[in-house]
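**Student:**
There are 2 protein chains.
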Amino acid sequence: MAVYFLSFLVCFALRAEAFALEPRLTWQESEISLTRFQVQDVYNYSTLLLSDDNNVLYIGAREVIFAVNSQNISEKKQEAYWKVTEVKNEECSRKGKSKQTECLNYIRVLQPFNESALFVCGTNAFQPVCDILELNSFKLAGKNEDGRGRCPFDPAQSYTSVMVDGDLYSGTSFTFLGSEPIICRNSQHLSYLRTEYAVPWLNEPRFVHADVIRAPENNPDGDDDKVYFFFTEVSVEYEFFNKLLIPRIARVCKSDQGGLRTLQKKWTTFLKARMICHSPENNLIFNVVNDVFILKLREPVIYGVFTSHLNNVGMSAVCSYSLSTVEDVFTKGKYMQSATVEQAHTKWVQFNGEIPKPRPGACINNEAKAMNYTSSLNLPDKTLQFVKDHPLMDDSVAPIGKRPKLVHQNVTYTQIVVDQVTALDGNTYDVMFISTDKGMLHKAVSHDMDMRIIEEIVLFPDHQAIQTLLLSDKQAKRYIYAGSSTEVVQTPVAFCEKLASCAECILTRDPYCAWHKGKNSCVNILAESNTDRLLIQSLNGDSSHCPVDSQGEK
Amino acid sequence: MAVYFLSFLVCFALRAEAFALEPRLTWQESEISLTRFQVQDVYNYSTLLLSDDNNVLYIGAREVIFAVNSQNISEKKQEAYWKVTEVKNEECSRKGKSKQTECLNYIRVLQPFNESALFVCGTNAFQPVCDILELNSFKLAGKNEDGRGRCPFDPAQSYTSVMVDGDLYSGTSFTFLGSEPIICRNSQHLSYLRTEYAVPWLNEPRFVHADVIRAPENNPDGDDDKVYFFFTEVSVEYEFFNKLLIPRIARVCKSDQGGLRTLQKKWTTFLKARMICHSPENNLIFNVVNDVFILKLREPVIYGVFTSHLNNVGMSAVCSYSLSTVEDVFTKGKYMQSATVEQAHTKWVQFNGEIPKPRPGACINNEAKAMNYTSSLNLPDKTLQFVKDHPLMDDSVAPIGKRPKLVHQNVTYTQIVVDQVTALDGNTYDVMFISTDKGMLHKAVSHDMDMRIIEEIVLFPDHQAIQTLLLSDKQAKRYIYAGSSTEVVQTPVAFCEKLASCAECILTRDPYCAWHKGKNSCVNILAESNTDRLLIQSLNGDSSHCPVDSQGEK
C-alpha cells in the first residue's frame, strides 16, 4: 500500500500550490459606488452591445431593448418594448411552457446592422423572430423575420452569434424541443449555410462564444477571414463511465459558399477540435468551457474560463491559447475517422489514409486557387465527402504553457473579458476580469508566468449569477458592464483613488494604478500622461520608492 | 447561458446534501488512553495477523516479527529478527536501491501455516524469500524459499495474499522492476498456477485485498470455493484524455488446476469485472479502490473504500456490494472482447458471439461435471482459449443502493474493517471503521439507508498514514489494531464509559453503547447481558427515556 500514500502525498503537495491564492483585496458594495441600471418588472438583462463612438450601451432584456449612457448606465436614453402577442403567449403555454416566464420574448441577438440600425432577435414565445431596430426613432421596423437558427426557441437554451460584414453567424438550436443543434450563416449577399444535422458535427453542444478573426492584409497563403465558435459538447471520441463532456473550438471560412452537390447549402469549411485545459501534475481536468474572450492582437490570444463536470466540487480554471496553435491543428493536424467494430459499435480513431487535395475544410486559399478551385462550389467531391465525414480533428489545442493560467477552488467562473494595459515599466499586461455565479468579479494579472488575483469586486451583493460581461476599452475611461437576471451594473476597471497610501497603491500590483507624488494620491495611469516623472509604480510590490511621509500611512 | 447556471445550481444543491456530515464526536489522544506498541529503530509495522484463541497479535515489521498480547499490545511476548545479509544489502544497493531503506527485509506475508507455525515472506533486499516461523521456539526454520510471486521485490509495491487450506494465493509483482504483475497460487498439494503475463489480464494493477468465500455446503449447482482479488488498474475498455484508473474485482476457483495444453499452469477460472462507485446525481466518480473488507455473512457483503484520481481535491467514498451481484456478473454476464480498428487501434467492445460450453471461467460445477468435465485439465480447448482472450466482463458490479454508502470531503480513506452489532432493538448494525492517511479513524453506522459518522478517533496525533487495520471481533472484548510506519495502536471499538450523561450516551447513537440505570453509567452492551431491563438505548437519538436526574447532566 505504501505506493498509494506516496502518490497521495505528492498529489496533495502539488495541489496545495496549484491553486490560486484568495484575492488580496475585496471591494464591498459599500466601499465603491457602482452605477446600476434596472427597470421595474424587467428581467433577464442578458444581451449587451456597446457603441463606443457615441457612448451608448444597448441592453437586451426580456421583452424590451434599452439604450443607456455607456459612461453612466443609470441614464436611460431610449427604450423599445417588444412584447409577445396574447395569441402567441397562449399558443406557447398550450404547448406546456410557462405563460409567465418561458412564453415571453427574450432578446437574444443584438448586433450592429448599419450606422442607423441594429439587428435584433428574440425568442418570442418559442417562435423566434428577428427585426431591425431603427436607432433614430428607436422603433422596430416590424419585419418579423423567421428567427430560427439565429435565435433559440427556449430562453434556457445556449446560443451565440456574431455579425460579420452584415452577415449573422450564429450557434443555437433549430427546433422547438432544442434537439437540433445548428451553426449557420444568414446573409443578404452570401448563400445561407448551415451545419449537417449529424452527431459527428454537433453532439448536444452548449454554445458559449463566437467571433471573427480577420486574415492579415495580403497574407502569403491568401487565407480567408475565419469565424470561430466555442462550445461544450458530448464527446464521441472518448469512452467513459457515462457521457463525457468536452470543450471544442470550431471554425468556418467567410468565403464558404457550400458545395454544389455534396454539402449543398452546408459548410465545406467546418472543422472542430478539442480544447485542452488540464493541470497535469495533479490530474485536474477542466472539460466544460463556460466563456471565451479573444484578445485581438497581431497574434490573437484566446482566453477561456473552464470548469469540470467530473468530481466537480467547485473548481474553475482559466486557460489561454494562441491562435497559431489553433490554426496549426486545423491546417496541419490529423483528422479523426469513425469505424464500426463488430457491426455494433462506432469507435473514433486517427485517420491515417491519404488526405484528398485541396485539404478538406481549408479555406479557398492560394493553394486551392493554384489548383483552379476558386470557390467551395467547385471543390472536388472527394474533398467535400471527406470533410462531411471527418469534421473532427485528432490533434488537440493545447493551452499556452501546457497548463491553466489560473486554477481557483470553491468558485464557478461564468464569463471573462481581458483588457491590456501598458504599465510604466513599458511592459503590456493582460488583465483578466472573471465573473462568478455568485455575483463576484475577479481581477487577475499575470506576473512572470504566475497569474495572481489582485482584486475581488462584489458586483451583486445578493450573489446573483453574472450572465454577461462586456469591456469598454476606451483609452481614458474603461468600464466593465455585467448583466444579471435583475439588473446591469457598471464598474471602472480599477479603484486606484481608493488606495490611501503609497504603500497600498504599490502593493495592489495593479498595472492601472500608480502613486502620484505631486497629487500625493493613487491615480489611474490611463488618466495621466505616462511620462509623468511624478508617478511611482512597481508591479513586484516593492514600495521602497514611496516618499517617506506617505509610506508612514501604511 | 442560463442553462449552465441552472445545471450548476442543481449540482451544488445536490452536492451539499451528498456529503457526509463531520463526525459528531472526536476523541483526542488525551481523552482516551490507547495502547501502543513500538520498538526503538523498528519501522513499517505493516503486516498484522491475529490469533484470537490464544490472544496473540503477530506483527510483521521491517526485519522483525513480533508476537504481542492481543488484549494489551504493549506486552511483547516474543520477537524474531530476520535481517538481510550484508552481502545481499550490498548487492541491492549496487543495483541503485537505498542501502538504508529499500535494501532491507520488509515482512509482507504473515499467514497461519499450522497450529504451531506461521508462513512468512519478506522483500529481503529485492530478493523476496519465504520461510516458516516455529511458534514455540519463535525461530525461523531457515528454509529461505524463493519468494517471487508471493512477496514483492520492492517494499513500495502493492501486494496482497490470503492463505486458503495451506495454499497461498497472492497478488503482487514478479520482477525486480515490478513490471510483471501476477496473481498466483503456491501449494504443496495443488499445482502452481498464475495469471497470463498480458495486458488484458492485469494492466499495472495495485493490489489492495484478497479473501476466500466458501461455497455453501452441498450447494445445488455444486459450486467451488472462490478466491477474490481487489485492485485498481489501468482501464483497457475506456478511452480518456490520459490513463484512466479503474477498480476491479477478480476471482479464481480453488479447484482450478490449469489447462492441459492451453493455459498450462495458468488460471482457467480467472475473470475480472469493474467495480462501480459513483454518486450519479452530482457526477462524483470514485475510480481508485484503496481497501476492501468482506463481511462474511450467509450472504456476504463486500465493503470498499474509494477515492478518485480525477479532479481529486480530497474526497473519499465507501461503497458496498452484495456477493450475489458479483457472482451474477461472472456467471451470467457478458464478456468483453478486443477488436483491431484500422490495423492500428485496439478497442474493447461487448462480445456478442456464441459463448463456448462449459462457460469460460466457471468453476468445475455440476453443469461441467454433467458434461464429463471433472477437472480444468480436461476442459475443451475452445473454452480455455476463450477465457484466455476474454478475462474481462462487460457487465459492471453495481454497489448496493446504486450509490456510495458514504461520501466524505477533505479526507483520504486508506483502510476499512466492518463489525456487526446486535443492538437492544434486536436489529443488527454494520459498524464501519475507516482509517485516513492523516492518522484518524472514522466510525460510521447506517441508520435507515443513510450512513452517519458517529465518531472520529485520533489514533496518530502526528497525522501518520494508517497502513493496516485489523478487527478483533471476540464477543466481549473487541479491538481495532492500526499499523503505521512507526507503531501499532490498539483501540476499543467504543468508548461508552466516557459518556457521562444518559443524554450523551443516547445521542452518540452508538449501537455498542447503552445507559445502565442501575450503574448510572454508559456501558458497552457486549459486556452486559442484553436482556438487562436496566439498559436504555435508542439509536434514533431520542433520549426521552433517560431518568430525569441523569438527563439533567446534559
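These protein sequence lines map, in sequence, to chains C and Z.
Here the working numbering is used: the first residue of the first sequence is 1, the next is one more, and so on.
Here the working numbering is used: the first residue of the second sequence is 555, the next is one more, and so on.
C-beta: ideal position from N, C-alpha, C; glycine also.
1) Just the C-alpha distance for K797(Z) and S652(Z), rounded to the nearest angstrom, thanks.
2) Please state the DSSP three-state secondary structure of Q385(C).
3) Assuming L135(C) contacts L110(C) under a Cβ cut-off of 8 Å, what Cβ separation, rounded to an integer in Å, is found between them?
4) Contact between the stretch 456 to 465 of chain C and the stretch 21 to 35 of chain C: three or more CB pairs below 8 Å?
5) Which residue comes first and which comes last in the alpha helix (DSSP H) that contains L377(C)?
6) What does M371(C) touch in chain Z if you count any residue whose Cβ is under 7 Å from its own?
7) Could you check how far apart the C-beta atoms of K405(C) and S320(C) are, in whole angstroms? I think they sit under 8 Å.
8) Consider the Cβ of Q665(Z): report whether some Cβ of chain C lies at a distance smaller than 8 Å.
9) Please classify G541(C): is it buried, with 16 or more other beta-carbons within 10 angstroms of its beta-carbon, or exposed?
10) Beta-carbon of I434(C) versus every beta-carbon of chain Z: anything under 8 Å?
11) In three-state DSSP terms, what is D606(Z)?
12) Spell out the partners DSSP gives E583(Z) in its beta bridges.
13) Between A893(Z) and chain C, is there a C-beta pair that is closer than 8 Å?
14) So with Cβ pairs under 8 Å, would you call F174(C) a contact of chain Z?
15) Closer than 9 Å, Cβ to any Cβ of chain C: which residues of the stretch 579 to 599 of chain Z, in chain order?
16) Beta-carbon separation of F207(C) and F174(C) under 8 Å?
17) May I ask which residues mark the beginning and end of the alpha helix (DSSP H) holding S93(C)?
18) Can at least three beta-carbon pairs, one atom from the stretch 333 to 353 of chain C and one from the stretch 204 to 224 of chain C, be found at a separation below 8 Å?
19) For the beta strand (DSSP E) containing T879(Z), name the first residue and the last one.
20) List the residues of chain Z that I285(C) touches, going by C-beta distances under 7 Å, in chain order.
21) Comparing the C-beta of V1043(Z) with each C-beta of chain C, is any distance below 8 Å?
22) According to DSSP, is A1048(Z) part of a helix, a strand, or is it coil?
23) Shorter than 8 Å from the beta carbon of A898(Z) to some beta carbon of chain C?
24) Under a Cβ-count criterion, where at least 16 other Cβ atoms within 10 Å of its own Cβ denotes burial, should A344(C) be classed as buried or exposed?
25) Let me check one thing: in DSSP terms, what residues is E134(C) bridge-paired to?
26) Alpha carbon to alpha carbon, what distance is there between A615(Z) and R805(Z)?
27) In the DSSP output, which residue or residues are listed as bridge partners for T307(C)?
28) Quick check: what's the CA-CA separation for H944(Z) versus F176(C)?
29) Residues of chain Z with CB under 8 Å from Q420(C), in chain order?
30) Keeping to the same chain, check which residues put their C-beta closer than 6 Å to that of S543(C); ignore five residues upstream and five downstream.
31) To the nearest angstrom, how far is it from the Cα of I970(Z) to the Cα of A769(Z)?
32) Going straight from the alpha carbon of Q409(C) to that of E22(C), what length do you get?
33) Roughly how many angstroms separate the alpha carbons of V42(C) and N124(C), rounded to a whole number?
34) Does the separation of the CB atoms of Y238(C) and F573(Z) fall below 8 Å?
35) Pull up the DSSP beta-bridge partners for C522(C), would you.
36) Within 8 Å (strictly less), CB to CB, does C1100(Z) reach chain C?
**Tutor:** Walking through what the data contain:
1) Residue mapping note: residue 797(Z) aligns to position 243 of the second sequence, counting from 1. Residue mapping note: residue 652(Z) aligns to position 98 of the second sequence, counting from 1. Whole-angstrom Cα-Cα distance: 29 Å.
2) As a working mapping, residue 385(C) is identified with position 385 in the first sequence. The three-state reading of DSSP puts Q385(C) in helix, counting H, G and I together.
3) Stepping through the first sequence from its first residue, residue 135(C) is reached at position 135. Stepping through the first sequence from its first residue, residue 110(C) is reached at position 110. Contact doesn't hold; Cβ gap of about 12 Å is too wide.
4) Per the Cβ contact rule, the stretch 456 to 465 of chain C is in contact with the stretch 21 to 35 of chain C (3 or more Cβ pairs under 8 Å).
5) As a working mapping, residue 377(C) is identified with position 377 in the first sequence. Run containing L377(C): none; DSSP gives neither H nor E here.
6) Along the first sequence, one-based indexing puts residue 371(C) at 371. M371(C) does not reach chain Z, its nearest Cβ partner there being about 28 Å away, counting only Cβ pairs nearer than 7 Å.
7) In the first sequence, residue 405(C) corresponds to position 405, counting from 1. In the first sequence, residue 320(C) corresponds to position 320, counting from 1. With 8 Å as the limit, K405(C) and S320(C) qualify as a contact, their Cβ atoms being about 5 Å apart.
8) Reading the second sequence from its first residue, position 111 is the one you call residue 665(Z). Chain C contact via Cβ: absent.
9) Within the first sequence, numbered from 1, the residue matching residue 541(C) stands at position 541. Answer is exposed; the Cβ neighbour count stays below 16.
10) For the purposes of this step, residue 434(C) is taken as residue 434 along the first sequence, with counting starting at 1. Cβ-Cβ to chain Z under 8 Å: no for I434(C).
11) Position 52 of the second sequence, counting from 1, holds the residue named residue 606(Z). Of the three classes helix, strand and coil, the one that applies to D606(Z) here is helix, per DSSP.
12) Stepping through the second sequence from its first residue, residue 583(Z) is reached at position 29. As computed with DSSP, E583(Z) is found in no beta bridge at all.
13) In the second sequence, residue 893(Z) corresponds to position 339, counting from 1. Yes, its Cβ sits closer than 8 Å to a Cβ of chain C.
14) Walking along the first sequence from the start, residue 174(C) turns up at place 174. Output row for F174(C): interface = no.
15) N598
16) As a first step, residue 207(C) must be located in the first sequence, where it is residue number 207. As a first step, residue 174(C) must be located in the first sequence, where it is residue number 174. For F207(C) and F174(C), no; Cβs fall outside 8 Å.
17) On the first sequence, position 93 is the one that residue 93(C) refers to. Note, S93(C): alpha helix (DSSP H), E86 to R94.
18) no
19) Taking the first residue of the second sequence as 1, we reach residue 879(Z) at position 325. Here T879(Z) belongs to no beta strand (DSSP E); instead the alpha helix (DSSP H) covers L877 to K886.
20) Translated into positions along the first sequence, residue 285(C) becomes position 285. Per Cβ cutoff of 7 Å: F795, L864 and N865.
21) In the second sequence, residue 1043(Z) corresponds to position 489, counting from 1. No, its Cβ sits nowhere closer than 8 Å to a Cβ of chain C.
22) Here residue 1048(Z) corresponds to residue number 494 of the second sequence, with the count starting at 1. Reduced to three states, the DSSP call for A1048(Z) is coil.
23) By one-based count along the second sequence, residue 898(Z) stands at place 344. Yes, contact with chain C.
24) Residue numbering aside, residue 344(C) sits at position 344 when the first sequence is read from its first letter. It is exposed - the Cβ of A344(C) has fewer than 16 other Cβ atoms within 10 Å.
25) Looking up residue 134(C) in the first sequence gives position 134. According to DSSP, which records beta bridges pairwise, E134(C) is partnered with A117(C) and K139(C).
26) Your numbering for residue 805(Z) matches position 251 in the second sequence. Your numbering for residue 615(Z) matches position 61 in the second sequence. Taking the straight line joining both Cα atoms gives about 29 Å.
27) As a position in the first sequence, residue 307(C) is number 307, starting the count at 1. Note: T307(C) sits in a beta bridge opposite V288(C) and S316(C).
28) Mapped onto the second sequence, residue 944(Z) falls at position 390. Mapped onto the first sequence, residue 176(C) falls at position 176. If you take the alpha carbons of H944(Z) and F176(C), they lie about 46 Å apart.
29) Position 420 of the first sequence, counted from the first residue, corresponds to residue 420(C). Chain Z residues near Q420(C): none, gap ~25 Å exceeds 8 Å.
30) For the purposes of this step, residue 543(C) is taken as the residue at position 543 of the first sequence. Taken in chain order, the residues that qualify are A503 and I506.
31) Counting from one through the second sequence, the residue named residue 970(Z) turns up at place 416. Counting from one through the second sequence, the residue named residue 769(Z) turns up at place 215. Rounded to the nearest angstrom, the gap between the Cα atoms of I970(Z) and A769(Z) is 25 Å.
32) Walking along the first sequence from the start, residue 409(C) turns up at place 409. Walking along the first sequence from the start, residue 22(C) turns up at place 22. Their Cα atoms are separated by approximately 9 Å.
33) As a first step, residue 42(C) must be located in the first sequence, where it is residue number 42. As a first step, residue 124(C) must be located in the first sequence, where it is residue number 124. For V42(C) and N124(C), the distance between alpha carbons rounds to 16 Å.
34) The sequence position of residue 238(C) within the first sequence is 238, counting from 1. The sequence position of residue 573(Z) within the second sequence is 19, counting from 1. No, Cβ-Cβ distance for Y238(C) and F573(Z) is not below 8 Å.
35) The residue you call residue 522(C) lines up with position 522 of the first sequence. Answer is W515(C), bridged to C522(C).
36) The residue you call residue 1100(Z) lines up with position 546 of the second sequence. With 8 Å as the cut-off, C1100(Z) does not count as an interface residue toward chain C.
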